[in-house]
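Structure first, then comments.
Number of protein chains: 2
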Amino acid sequence: MRFETTTIKDIAKALGFSTSTVSRALRGGYEISEETKRIVLEYAEKINYRPNPIALSLKERRSHSIGVVVCEIANNFFSQAINGIESIAYNSGYHVIITQSNENHEREVLNVEHLASRSVDGLLISLSSESNDISYLKSLHEKGLPIVFFDRVSEEINTHKVIANNFQGGFEATEFLIKSGYTKIGHFTNAAHLSITRERLEGYKAALEKHQIPFNESYVKYCSYSGLIQDEIDAAVKDILKLKERPDALFIAQDKISTSTLLALRKLDLEYGCKIGISGFTNSNVAPLFSPPITVVRQPAFEMGQQATQLLIKLIESKHPVTEFETKTLNTQLITHSSTNRKL
Amino acid sequence: MRFETTTIKDIAKALGFSTSTVSRALRGGYEISEETKRIVLEYAEKINYRPNPIALSLKERRSHSIGVVVCEIANNFFSQAINGIESIAYNSGYHVIITQSNENHEREVLNVEHLASRSVDGLLISLSSESNDISYLKSLHEKGLPIVFFDRVSEEINTHKVIANNFQGGFEATEFLIKSGYTKIGHFTNAAHLSITRERLEGYKAALEKHQIPFNESYVKYCSYSGLIQDEIDAAVKDILKLKERPDALFIAQDKISTSTLLALRKLDLEYGCKIGISGFTNSNVAPLFSPPITVVRQPAFEMGQQATQLLIKLIESKHPVTEFETKTLNTQLITHSSTNRKL
DNA sequence: TTGAAAGCGCTAACAA
DNA sequence: TTGTTAGCGCTTTCAA
Chain A
1 MRFETTTIKD
11 IAKALGFSTS
21 TVSRALRGGY
31 EISEETKRIV
41 LEYAEKINYR
51 PNPIALSLKE
61 RRSHSIGVVV
71 CEIANNFFSQ
81 AINGIESIAY
91 NSGYHVIITQ
101 SNENHEREVL
111 NVEHLASRSV
121 DGLLISLSSE
131 SNDISYLKSL
141 HEKGLPIVFF
151 DRVSEEINTH
161 KVIANNFQGG
171 FEATEFLIKS
181 GYTKIGHFTN
191 AAHLSITRER
201 LEGYKAALEK
211 HQIPFNESYV
221 KYCSYSGLIQ
231 DEIDAAVKDI
241 LKLKERPDAL
251 FIAQDKISTS
261 TLLALRKLDL
271 EYGCKIGISG
281 FTNSNVAPLF
291 SPPITVVRQP
301 AFEMGQQATQ
311 LLIKLIESKH
321 PVTEFETKTL
331 NTQLITHSST
341 NRKL
Chain B
1 MRFETTTIKD
11 IAKALGFSTS
21 TVSRALRGGY
31 EISEETKRIV
41 LEYAEKINYR
51 PNPIALSLKE
61 RRSHSIGVVV
71 CEIANNFFSQ
81 AINGIESIAY
91 NSGYHVIITQ
101 SNENHEREVL
111 NVEHLASRSV
121 DGLLISLSSE
131 SNDISYLKSL
141 HEKGLPIVFF
151 DRVSEEINTH
161 KVIANNFQGG
171 FEATEFLIKS
181 GYTKIGHFTN
191 AAHLSITRER
201 LEGYKAALEK
211 HQIPFNESYV
221 KYCSYSGLIQ
231 DEIDAAVKDI
241 LKLKERPDAL
251 FIAQDKISTS
261 TLLALRKLDL
271 EYGCKIGISG
281 FTNSNVAPLF
291 SPPITVVRQP
301 AFEMGQQATQ
311 LLIKLIESKH
321 PVTEFETKTL
331 NTQLITHSST
341 NRKL
C-alpha cells in the first residue's frame with residue numbers, strides 16, 4: 001500500500017461506530033441521528049477524509065467520469081471542443097478522461113476498450129480517419145455503454161450526434177472563392193469514407209453547380225492522414241501543380257490540412273502560393289496572422305463539445321432506456337479575409 | 001449493473017474450477033498444471049475475457065496509469081509534450097490521463113487530488129501560473145506519490161525535473177534582436193514567480209548586459225494569465241505603446257503570449273506592428289506563416305515529455321525509495337526568420 | 001495442484 | 001437509529 005489513506009473503517013474505529021453508520025453519515029443519510037451525523041462529519045472533515053473512488057466504482061459500476069476519444073489533441077478544433085466538454089462535465093460532477101487516436105484505428109480501439117473497462121459512464125468520440133469498421137464500438141453500445149458522436153460520426157450506430165453544418169461550410173467557402181473571381185477550385189479533404197468528408201464535398205459540389213462550374217475529379221485530393229503527415233500534403237500540392245490546368249484556388253476541408261497546405265505552398269512554389277485563393281476549415285486562433293491570408297470556415301467547436309456532453313449526460317442519467325436520438329447540427333462561420341476578397 | 005462483463009467467476013463456473021485456480025491460470029501462475037492453464041486460457045480467449053482494472057486497482061493500489069497536469073492542452077508546447085509522454089507511457093504499459101488547469105490553482109488542486117485518489121501510479125505536472133503555494137503537492141509527495149515536474153518546476157519539492165534551457169533560449173532570442181540592430185527591447189513574459197519566467201528573464205538580462213544595453217524595468221510585462229486572456233496582452237501592448245521611448249523590438253517568453261501579442265499588434269497599431277522586431281518562445285508549427293514574421297525559440301517539447309515520463313516510470317518501478325534526483329535541461333532551438341534579420 | 005476464505009473500501013439489504 | 005453481513009472482481013495466503 002503506497003498511500004496511507006484514511007478509510008471509513010478508520011473513522012468507525014476512532015469514533016466507535018460501525019462502518020455502515022459512518023457511511024450513512026457521510027452520504028447525508030436520512031436514517032441517522034443528527035448527532036451522530038454531526039460527529040462523523042466533523043471528524044471526517046478534521047482528518048480530511050476522502051472516499052476512495054476506486055472502491056466506489058467497483059461497487060457502483062460507474063465512475064462519474066466520461067471518456068473522450070479524439071484524433072489529435074494538438075488540433076485546434078479538438079482542443080476547443082475538449083474545453084467545451086470539460087465546461088459542462090465539471091459542472092455536472094463528471095471528470096473527463098481524454099485520449100487521442102492519432103488517426104489510428106488500432107489506437108482508437110485500445111483507447112475505447114480501456115475507457116470502457118475503466119467504467120467510464122459514457123463516451124464522446126470523433127472517429128479516426130482509419131476507422132471504417134466500427135463493430136467494436138457497436139458491440140459496446142449494444143452492451144449499454146452510452147455513446148455520443150461528434151464531428152466525425154457514423155451512421156452505423158443509432159445514438160445522439162453533434163456535427164457542424166458541414167454542407168453549409170463547404171458551400172460558403174467554395175462560393176466565396178467563386179465570387180472572388182476564381183473558377184478552377186481544387187479541394188483538399190480527409191479520407192473519403194468519413195462523414196465530414198462527404199458532407200463538405202457535397203457543399204463544394206453544390207456551390208460549383210450553382211455557378212455552372214463543372215466538377216473536376218482530378219481537383220480533389222483525399223488526404224488519408226488528415227494533414228498529420230506533412231509529406232502527404234506536400235505530395236498533394238505537387239500533384240495539383242503538375243496539372244495542365246492548375247487550380248487558381250483551393251477549398252480545404254480540414255484544420256490541419258489547411259495549415260499543412262499553406263506550409264507546403266510556402267516551401268514548393270512561392271509565386272504560385274501567393275496567387276492562389278484559399279479558403280479552408282480551421283479553428284486556429286492565429287489564422288489572421290497567416291500569409292498568404294486565408295478565408296476561414298470556423299466550426300463552433302466549444303459549443304459542439306458542450307452540446308455533445310449535455311446529450312451524453314442526459315443519456316447516462318436517464319432512468320429509462322433511451323430510444324429517440326437526435327442529431328444536432330451547428331452552423332459554421334465564414335470569416336473572410338479582405339485579401340482573399342479578390343482574385344489578384 | 002450496466003455492463004454484462006464476464007468475470008473470473010463466470011469462467012470458474014463454466015469450467016468447474018475455483019476462482020483462485022482461474023486467477024492463477026490467467027496470470028501465468030507457476031503452481032498450476034499446464035493442462036488446467038491451457039483450458040482456462042483457451043476459454044478466456046474464446047469469450048474474450050478482460051480483467052476488470054478497477055478491481056485490480058482496488059486490490060493492488062496501483063492502476064498502471066500516470067496522470068498529467070498541464071495548463072492548457074491547446075498550447076502547442078503542451079500538446080507536443082503530451083505526445084512525447086504518451087509515446088513512452090504506452091510502450092511501457094501505462095495509460096495516460098490528461099487534465100488541464102487552465103492556469104487556475106484551484107482547478108489544478110482538484111485535478112491532482114482526483115488523479116491521486118484514482119490511484120495513478122505517478123504524476124507529471126507543469127504548474128499553473130497561479131500556483132505559488134504547492135503545499136498540497138508536497139504532502140502528496142511525502143505520502144509517497146511519485147512526481148516529476150516538467151517545464152514549470154518548483155524548488156520546494158525534491159524530485160526529478162525536466163526543463164528546457166530557458167536561460168539559453170532567452171539569451172539567444174534577445175541577442176538575436178540586438179545583433180539585428182534593435183536596442184530598445186521589451187520583454188513580455190509569464191507570472192513573475194514561475195521558474196521559467198525567472199530563467200528566461202535572466203537570459204534576457206544577460207544578453208542586454210553583454211551588449212551594454214541598460215535593463216529597463218518598464219520594458220518588462222508580466223502577464224499572469226500567460227496569454228490565455230487576450231485582453232491582458234492587448235493592455236500590455238497598449239502600455240508599451242504609451243512609453244515615450246517605445247521599444248523597437250520584443251522578446252516574448254511564452255508560446256501563447258507570443259501569438260496573442262502578434263494578434264494584439266495587428267489590431268492596435270499596424271504600422272508599429274510591422275516595424276517591430278519580434279522573437280519569442282513558441283512551438284507552433286505554423287510560425288513560418290506568420291506575418292509579421294518572428295524569430296522563434298522552440299523547446300524540445302516532445303523530448304521533454306519523453307524524458308519526464310522515463311524518469312517517472314523509473315521512480316514508479318523502483319524497488320527502493322529514491323533519494324537521488326536529477327534535473328534534465330534540454331537545449332532550445334533558435335529558428336531565425338530572414339525578415340527579422342535586419343532592422344527595417 | 002487445487003480450493004476455501006479473507007480482504008482491498010465502500011454501500012445497502014436485513015436484523016436488531 | 002444503529003450494527004451485521006454480504007458482495008462488487010480480483011489476488012493471495014493457508015489448508016487440503
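Chains as they are written, first to last, in UniProt numbering: chain A, 1 to 344; chain B, 1 to 344. Cβ coordinates follow ideal geometry from the N, Cα and C atoms, glycine included.
If you draw a straight line from the alpha carbon of isoleucine 185(A) to that of leucine 228(A), how long is it in whole angstroms? Here the question's residue 185(A) lines up with position 185 in the first sequence. Here the question's residue 228(A) lines up with position 228 in the first sequence. Cα to Cα, isoleucine 185(A) sits roughly 23 Å from leucine 228(A).
Reference glutamate 324(B), options Cys223(B), Ile157(B), Asn104(B) and Ile85(B), closest by Cα: Within the second sequence, numbered from 1, the residue matching residue 324(B) stands at position 324. Ranking the options by Cα distance to glutamate 324(B), first place goes to Ile157(B).
Would you list the residues sitting across from isoleucine 125(A) in a DSSP beta bridge? The count along the first sequence starts at 1 and reaches residue 125(A) at position 125. DSSP output for isoleucine 125(A) lists Val69(A) and Phe149(A) as bridge partner(s).
With C-beta atoms as the reference, is leucine 140(B) less than 9 Å away from isoleucine 66(B)? Along the second sequence, one-based indexing puts residue 140(B) at 140. Along the second sequence, one-based indexing puts residue 66(B) at 66. One thing to note: leucine 140(B) has its Cβ no nearer than 9 Å to the Cβ of isoleucine 66(B).
Evaluate alanine 192(B) with the Cβ neighbour count: other Cβ atoms within 10 Å of its Cβ, from every protein chain shown; 16 or more gives buried, anything less gives exposed. Taking the first residue of the second sequence as position 1, residue 192(B) is located at position 192. Under this definition alanine 192(B) is an exposed residue.
9 Å Cβ cutoff met for residue 359(B) and isoleucine 82(B): Given a span of 1 to 344 for chain B in the structure shown, any question on residue 359(B) remains unanswerable.
For a cutoff of 9 Å on Cβ pairs, would you count alanine 74(A) as touching chain B? By one-based count along the first sequence, residue 74(A) stands at place 74. Chain B, which has a Cβ nearer than 9 Å to the Cβ of alanine 74(A), makes this yes.
With DSSP as the reference, label lysine 328(B) as helix, strand or coil. Here residue 328(B) refers to the residue found at position 328 when the second sequence is read from its first residue. In the structure shown, lysine 328(B) sits in a strand (DSSP, three-state: E or B).
Could you have a look at alanine 235(B) and say whether DSSP puts it in helix, strand or coil? For the purposes of this step, residue 235(B) is identified with residue 235 of the second sequence, where counting begins at 1. Alanine 235(B): helix per DSSP, three-state reduction.
Do you know offhand how far isoleucine 302(A)'s Cα is from isoleucine 88(A)'s? Within the first sequence, numbered from 1, the residue matching residue 302(A) stands at position 302. Within the first sequence, numbered from 1, the residue matching residue 88(A) stands at position 88. Note that residue 302(A) corresponds to phenylalanine in the displayed sequence, not to isoleucine. Taking the straight line from one Cα to the other gives about 10 Å.
C-beta contact flag for phenylalanine 77(A) and glutamine 310(A) at 9 Å: Translated into positions along the first sequence, residue 77(A) becomes position 77. Translated into positions along the first sequence, residue 310(A) becomes position 310. Remark: C-beta atoms of phenylalanine 77(A) and glutamine 310(A) do not approach each other more closely than 9 Å.
Three-way DSSP call (helix, strand, coil) for alanine 164(B) in this model: Mapped onto the second sequence, residue 164(B) falls at position 164. The answer is strand: DSSP assigns alanine 164(B) an E or B state.
is_contact[alanine 55(A), chain B] using C-beta, thresh 9 Å: Translated into the one-based positions of the first sequence, residue 55(A) becomes position 55. Taking Cβ atoms only, chain B reaches closer than 9 Å to alanine 55(A), which makes this a yes.
Tell me whether threonine 327(A) is buried or exposed, calling it buried when 16 or more other Cβ atoms sit within 10 Å of its Cβ. For the purposes of this step, residue 327(A) is identified with residue 327 of the first sequence, where counting begins at 1. Here threonine 327(A) is exposed, its C-beta having fewer than 16 other C-beta atoms within 10 Å.
Helix, strand or coil for valine 120(B), going by three-state DSSP, please let me know. In the second sequence, residue 120(B) corresponds to position 120, counting from 1. Here valine 120(B) sits in coil by DSSP.
Taking Cβ-Cβ distances below 8 Å as the criterion, which residues of the region 256-288 of chain A are in contact with chain B? Flagged, chain order: Thr259, Leu262, Leu263, Arg266, Ser284, Asn285, Val286 and Pro288.
Can a CB atom of chain B be found closer than 9 Å to the CB of leucine 58(A)? The count along the first sequence starts at 1 and reaches residue 58(A) at position 58. Taking Cβ atoms only, chain B reaches closer than 9 Å to leucine 58(A), which makes this a yes.
Does threonine 261(A) come out as helix, strand or coil in the three-state DSSP assignment? Taking the first residue of the first sequence as position 1, residue 261(A) is located at position 261. In the structure shown, threonine 261(A) adopts helical secondary structure according to DSSP, grouped into three states.
Say whether chain B places a C-beta atom closer than 9 Å to the C-beta of serine 20(A). Indexing the first sequence from 1 puts residue 20(A) at position 20. Among the residues facing chain B, serine 20(A) is not included, as its CB has no counterpart in that chain under 9 Å away.
Give a yes or no on whether the minimum CB-CB distance between histidine 211(B) and chain A is below 9 Å. Residue numbering aside, residue 211(B) sits at position 211 when the second sequence is read from its first letter. No - not a single Cβ of chain A is within 9 Å of the one on histidine 211(B).
My output table needs one value for leucine 250(A): the three-state DSSP class, helix, strand or coil. The residue you call residue 250(A) lines up with position 250 of the first sequence. In the structure shown, the three-state DSSP call for leucine 250(A) is strand.
Please tell me whether glutamate 113(B) has its Cβ less than 9 Å away from any Cβ of chain A. One-based indexing of the second sequence puts residue 113(B) at position 113. Closer than 9 Å to the CB of glutamate 113(B) there is at least one CB belonging to chain A.
Should valine 148(A) and glycine 122(A) be called a contact, given that it needs their Cβ atoms to be closer than 9 Å? What you label residue 148(A) is simply residue 148 of the first sequence in a count that begins at 1. What you label residue 122(A) is simply residue 122 of the first sequence in a count that begins at 1. Against a cut-off of 9 Å, the Cβ pair of glycine 122(A) and valine 148(A) comes out as a contact.
Alpha helix (DSSP H) runs contained entirely in the region 9-95 of chain B, provided each spans 4 or more residues: Complete alpha helix (DSSP H) runs here, min 4: 19-26, 34-46, 53-60 and 76-91.
Hey, isoleucine 278(B) and leucine 262(B): beta-carbon distance below 9 Å or not? To locate residue 278(B), count along the second sequence from 1; it is residue 278. To locate residue 262(B), count along the second sequence from 1; it is residue 262. A distance below 9 Å separates the beta carbons of isoleucine 278(B) and leucine 262(B).
Chain-ordered chain B contacts of isoleucine 85(A) [CB-CB under 8 Å]: One-based indexing of the first sequence puts residue 85(A) at position 85. Correct list: empty, because the minimum Cβ distance to chain B is about 11 Å.
Element boundaries [beta strand (DSSP E), containing glycine 277(A)]: What you label residue 277(A) is simply residue 277 of the first sequence in a count that begins at 1. Per DSSP, the unbroken beta strand (DSSP E) holding glycine 277(A) starts and ends at 277-281.
Once DSSP output is grouped into helix, strand and coil, what is the label at glycine 144(A)? Stepping through the first sequence from its first residue, residue 144(A) is reached at position 144. If DSSP states are grouped into helix, strand and coil, glycine 144(A) belongs with coil.
Does the beta carbon of isoleucine 98(A) sit closer than 9 Å to a beta carbon anywhere in chain B? Residue 98(A) sits at position 98 when you count from the first residue of the first sequence. Interface residue (Cβ-Cβ distance to chain B less than 9 Å): isoleucine 98(A) is classified as such.
is_contact[isoleucine 335(B), chain A] using C-beta, thresh 9 Å: By 1-based counting over the second sequence, the position of residue 335(B) is 335. Not an interface residue.
Any beta carbon of chain A sitting closer than 9 Å to that of glutamine 306(B)? By one-based count along the second sequence, residue 306(B) stands at place 306. By the rule that beta-carbons nearer than 9 Å mark a contact, glutamine 306(B) does not touch chain A.
With a Cβ-Cβ cutoff of 9 Å, do asparagine 52(B) and serine 117(A) count as a contact? Counted from its first residue, the second sequence places residue 52(B) at position 52. Counted from its first residue, the first sequence places residue 117(A) at position 117. Result yes, Cβ atoms of asparagine 52(B) and serine 117(A) sit closer than 9 Å.
Looking at C-alpha atoms only, which residue of Ile163(A), Asn331(A), Ser131(A) and Lys275(A) is the closest neighbour of arginine 107(A)? As a working mapping, residue 107(A) is identified with position 107 in the first sequence. Answer by Cα proximity: Ser131(A).
Tell me, please, whether the CB atom of phenylalanine 188(B) is closer than 9 Å to any CB atom in chain A? As a working note, residue 188(B) is residue 188 in the second sequence. Interface residue (Cβ-Cβ distance to chain A less than 9 Å): phenylalanine 188(B) is not classified as such.
On the DSSP bridge assignment, give the partners of lysine 221(A) in chain order. Within the first sequence, residue 221(A) is the residue found at index 221, counting from 1. In the DSSP output, where bridge partners are listed per residue, lysine 221(A) has Phe188(A).
For serine 63(A) and lysine 256(A), the rounded distance between their alpha carbons: The sequence position of residue 256(A) within the first sequence is 256, counting from 1. The sequence position of residue 63(A) within the first sequence is 63, counting from 1. Spanning the two alpha carbons is a distance of roughly 34 Å.
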